[in-house]
Each structure stands twice: as C-alpha cells, then as structure tokens.
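For reference, the structure discussed in these notes is given below.
In this note's numbering, the protein residues as written are 1 to 362.
What follows is the structure, encoded as structure tokens:
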C-alpha cells in the first residue's frame with residue numbers, strides 16, 4: 001500500500017502531466033488555427049494563419065535534444081552503443097508523423113486530430129506483425145477493433161457543417177499519413193531494440209539530434225525559414241505561444257519520465273488517456289468545436305479501449321514476472337535436490353531445461 005507521501009507524489013505527477021499537455025494542446029490549436037493581424041489574407045479573411053509546421057517541429061526537437069543532453073551531463077550516463085543509422089531512420093518517420101500531425105490542424109479541429117491520433121495502436125500493431133513478425137493476442141485485436149469502430153463512428157457523419165477554413169478530407173488524409181509514419185516508427189524501434197537497447201536518454205537525445213537536422217534542412221528546402229522570420233516580425237505576439245508550447249511539452253516529458261520510473265506504465269496510461277479526453281472537452285469549450293452525441297460516444301469507446309488495453313497489459317506483465325519467479329524457484333529447488341542426490345543429477349538437468357524452454361522460446 002502506498003504511503004501518503006507516495007500518493008501525494010503520484011497526484012503531483014498526474015497534475016503536472018494534465019497541466020503541461022492540456023496547455024500544450026490548447027496552445028498548439030491556438031498557434032495553427034488562430035489568425036494574426038488585421039490584414040486581409042489571400043483567402044479573403046482577416047488575419048494570417050501560422051503555416052510553419054516544419055519550423056515548429058524543429059524548435060521542439062532542438063529543445064528536447066538540448067534537454068536530454070543536459071540531463072546526461074548532470075547524471076552518470078552510459079555511452080551510446082546503438083548505431084546512428086537506427087536513430088536516423090526512426091527520426092525520418094518521427095519527423096514525418098509530427099509535421100503531418102501539426103499540419104492537419106490547419107484544416108481540422110483539435111478534437112478530430114486527437115481522436116485520430118488515438119488510433120496509433122492500429123498501425124503500430126499492423127506493422128509489428130508485418131515487419132516485426134510479432135504475435136498479437138486476440139484481446140489486443142479486440143481492443144484495436146474497438147478503436148477502429150470508434151474512429152469510424154467519429155469521422156463519418158451524416159452531415160458535416162464545415163467551419164471557415166476547414167477541409168476535413170485533407171486534414172484526415174494528413175492524420176492518416178501521420179498514423180502510417182507512427183506505425184513505421186514503432187516497427188523501426190522494435191527492430192532496433194532487438195539488436196541494441198539504448199537507454200531512454202540516449203534514445204531521446206539522438207533521435208532528436210537527427211530530427212533537428214532533418215527539420216532545420218527542411219525549413220530551408222521548403223522556404224519556411226525566411227517566411228517564418230517575416231511572420232514573427234510582423235506578429236511578435238505569437239512568440240509567447242511558441243515558447244509556451246515548447247516549454248510545456250518539455251516539462252511534460254519530465255513528469256512522464258518521473259511517473260514511469262516511480263509508478264510504472266499503468267498509472268501513466270490512465271493519466272494520459274484521461275488527459276486526452278479532457279483536452280477534447282476543453283477544446284470544445286474554448287474554441288467552440290462542437291461534438292455530436294455520437295462523437296462523444298465514439299470518443300468514449302476509443303479511450304475506453306485504450307484504458308482497458310493498458311490495464312490488461314499491466315496484468316499480463318505481472319503474471320509473466322510471477323511465472324518467471326516460480327520457474328526460477330523450481331529450478332533452484334531442483335538444483336539443490338540434485339546436489340543432495342548425486343544419482344539424479346542428469347534427470348534434474350533434463351527437467352530444468354524443459355521448464356526453461358518455453359520462456360527462452362517465447
């Protein structure tokens with residue numbers, strides 16, 4: 001049972017994650033869907049929109065890279081032994097997923113984006129099977145099908161009342177591309193970890209190093225850099241939003257890492273899933289992104305499936321650890337008996353190998 005101090009720490013981490021990522025979501029929507037200035041833009045509407053997802057992603061990655069490096073300096077940390085090619089490949093998929101996700105906010109509201117991105121387990125599972133050769137439990141398939149059903153229920157509407165500047169088809173296409181990149185990124189990570197297992201800080205640092213390089217080059221290749229400078233010069237009020245979004249995302253990483261290290265992935269999954277649902281609710285209130293009863297139901301199905309998946313995954317891990325401990329105890333007992341009874345040594349060794357075989361194989 002947790003002490004009062006541990007409970008207080010858990011609540012503190014949860015509040016930190018809620019505060020940071022809810023703020024991040026609201027500010028990100030403000031950045032990409034807000035209008036700045038009084039001039040009439042090319043689309044005939046008053047004010048310009050922020051159209052620099054590559055630059056925004058680059059600033060995030062540079063901050064996260066620097067943050068991870070600072071932590072590596074303040075703590076004794078093992079040297080990286082993972083090939084840089086893995087980091088570069090993962091960074092490519094990560095960057096494409098991030099940029100398309102941010103870009104989608106120009107054409108769809110934040111609730112639609114966050115519901116779409118909640119479907120991430122679908123491509124991750126599919127590519128894990130197709131590329132990684134993973135075996136998926138039937139329970140996992142059921143939860144993923146629940147997510148698919150929830151997304152279909154949310155996206156396909158009888159009648160869509162398009163708001164100014166929205167293009168649902170283009171926005172949802174970008175979310176689909178982002179999810180595809182998430183799946184490829186996850187499969188690449190699995191492949192990397194089957195060969196080498198980098199520490200979390202090394203992984204965070206080097207993936208963001210390569211991501212920063214790609215995104216900085218991208219800002220010049222696609223001409224965002226000079227346009228971005230002109231934009232913030234004309235509309236300096238956006239600088240505070242950019243800084244706040246980047247800072248809250250970085251601080252949120254601290255709370256996430258702390259919660260995982262102290263309390264494990266299950267409490268984190270519960271907090272992050274609840275936070276996403278809360279962000280949808282907050283976006284509806286602040287930005288007037290109305291949702292129908294069917295969409296709220298679909299959101300409940302999606303987040304419910306994510307929540308149940310996290311709970312059952314935790315139980316499976318506990319059972320696995322328990323089985324491994326039981327096997328270890330059985331092995332120790334048999335080794336002790338074999339030492340006491342020299343005539344049975346060969347029989348005991350054979351039995352031990354049979355007991356260990358399933359764990360080694362699966």
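For every residue, glycine included, the Cβ atom is placed at its ideal position computed from N, Cα and C.
Report task. Buried or exposed for residue 276, please, with buried defined as at least 16 other CB atoms from any protein chain shown within 10 angstroms of its CB. Result -> Burial check for residue 276: the Cβ neighbour count within 10 Å reaches 16 or more, so the residue is buried.
Query - residue 116 in three-state terms, based on DSSP - result: Residue 116 falls in the helix class under three-state DSSP.
Report task. To the nearest angstrom, report how far apart residue 223 and residue 50 are at their CA atoms. Result -> 14 Å
Query raised in the report: Mind checking whether residue 207 and residue 70 have CB atoms under 8 Å apart?
Result: no
Query raised in the report: Which of the three DSSP states, helix, strand or coil, is assigned to residue 29?
Result: Note: residue 29 maps to helix in three-state DSSP.
**Report entry** Exposure of residue 364, with buried meaning 16 or more beta-carbon neighbours within 10 Å
**Finding:** In the structure as shown, the chain starts at 1 and stops at 362, and residue 364 therefore has no counterpart that could be examined.
Query raised in the report: So, are the CB atoms of residue 166 and residue 36 less than 8 Å apart?
Result: no
**Report entry** Whole-number beta carbon distance between residue 14 and residue 271, since they are thought to touch under 8 Å
**Finding:** The Cβ separation is near 5 Å, so the contact holds.
Query - Three-state secondary structure (DSSP) of residue 166 - result: For residue 166, the secondary structure class from DSSP, reduced to helix, strand or coil, is coil.
Requested in this report: Sort 305, 217 and 103 by Cα distance to residue 33 and report the nearest one.
Outcome: 103
Requested in this report: Select from 20, 9, 12 and 57 the residue whose C-alpha is nearest the C-alpha of residue 279.
Outcome: 20
Report task. For residue 136, I'd like the list of residues in its chain whose CB is within less than 8 Å of its CB, leaving aside the five on either flank, ordered along the chain. Result -> 125, 128 and 129
Query raised in the report: Which partner residues does residue 40 have in the DSSP bridge list?
Result: The partner list for residue 40 (beta bridge, DSSP) reads 46.
Report task. Please confirm whether residue 153 and residue 294 have their CB atoms less than 8 Å apart. Result -> yes
Requested in this report: State the Cα-Cα distance for the pair residue 268 and residue 54, rounded to the nearest angstrom.
Outcome: Their backbone Cα atoms lie some 29 Å apart in a straight line.
Query raised in the report: So the alpha helix (DSSP H) residue 224 belongs to, where does it begin and stop?
Result: 224-234
Query raised in the report: In this structure, does DSSP put residue 6 in helix, strand or coil?
Result: helix
Query - DSSP-derived helix/strand/coil call for residue 139 - result: helix
Report task. Starting from residue 210, follow the alpha helix (DSSP H) in both directions and report where the run begins and ends. Result -> 200-221
Query raised in the report: Using DSSP with H/G/I as helix, E/B as strand and the rest coil, what is residue 296?
Result: It is helical.
Query raised in the report: Buried or exposed: residue 2, going by 16 or more other Cβ atoms within 10 Å of its Cβ?
Result: So residue 2 counts as exposed.
Query raised in the report: What residue from 81, 259 and 18 has the CA that sits closest to residue 9's CA?
Result: Nearest C-alpha to residue 9 among 81, 259 and 18: 259.
Requested in this report: Report yes or no: do the region 181-199 and the region 79-90 share at least 3 C-beta pairs separated by less than 8 Å?
Outcome: With the cut-off at 8 Å, the region 181-199 and the region 79-90 touch.
Query raised in the report: Taking C-beta to C-beta, are residue 255 and residue 16 nearer than 8 Å?
Result: yes
Report task. Would you please state the rounded distance, in angstroms, between the beta carbons of residue 109 and residue 147? I believe it to be under 8 Å. Result -> Taking C-beta atoms under 8 Å as the contact rule, residue 109 and residue 147 fail to qualify, at a distance of about 20 Å.
Query raised in the report: Which residues mark the beginning and the end of the alpha helix (DSSP H) in which residue 55 is found?
Result: 53-74
Query - Span separating the alpha-carbon of residue 4 from that of residue 11 - result: 11 Å
Requested in this report: Go to residue 84, then tell me how far its alpha helix (DSSP H) extends in each direction, as first and last residue.
Outcome: 84-104
**Report entry** Selected residue, minimal CA-CA separation from residue 115, among 64, 228 and 171
**Finding:** Taking residue 115 as reference, the option from 64, 228 and 171 with the minimal CA-CA separation is 171.
Query raised in the report: From residue 106 to residue 86, what does the alpha carbon distance come to, in whole angstroms?
Result: Cα to Cα, residue 106 sits roughly 32 Å from residue 86.
Query raised in the report: In three-state DSSP terms, what is residue 12?
Result: helix
Query raised in the report: Start and end of the alpha helix (DSSP H) containing residue 128?
Result: 121-130
Query raised in the report: Using the C-alpha atoms, what's the distance from residue 253 back to residue 48?
Result: 31 Å
Query raised in the report: Between the C-alpha atoms of residue 139 and residue 309, what's the straight-line distance to the nearest angstrom?
Result: One alpha carbon belongs to residue 139, the other to residue 309, and they sit about 8 Å apart.
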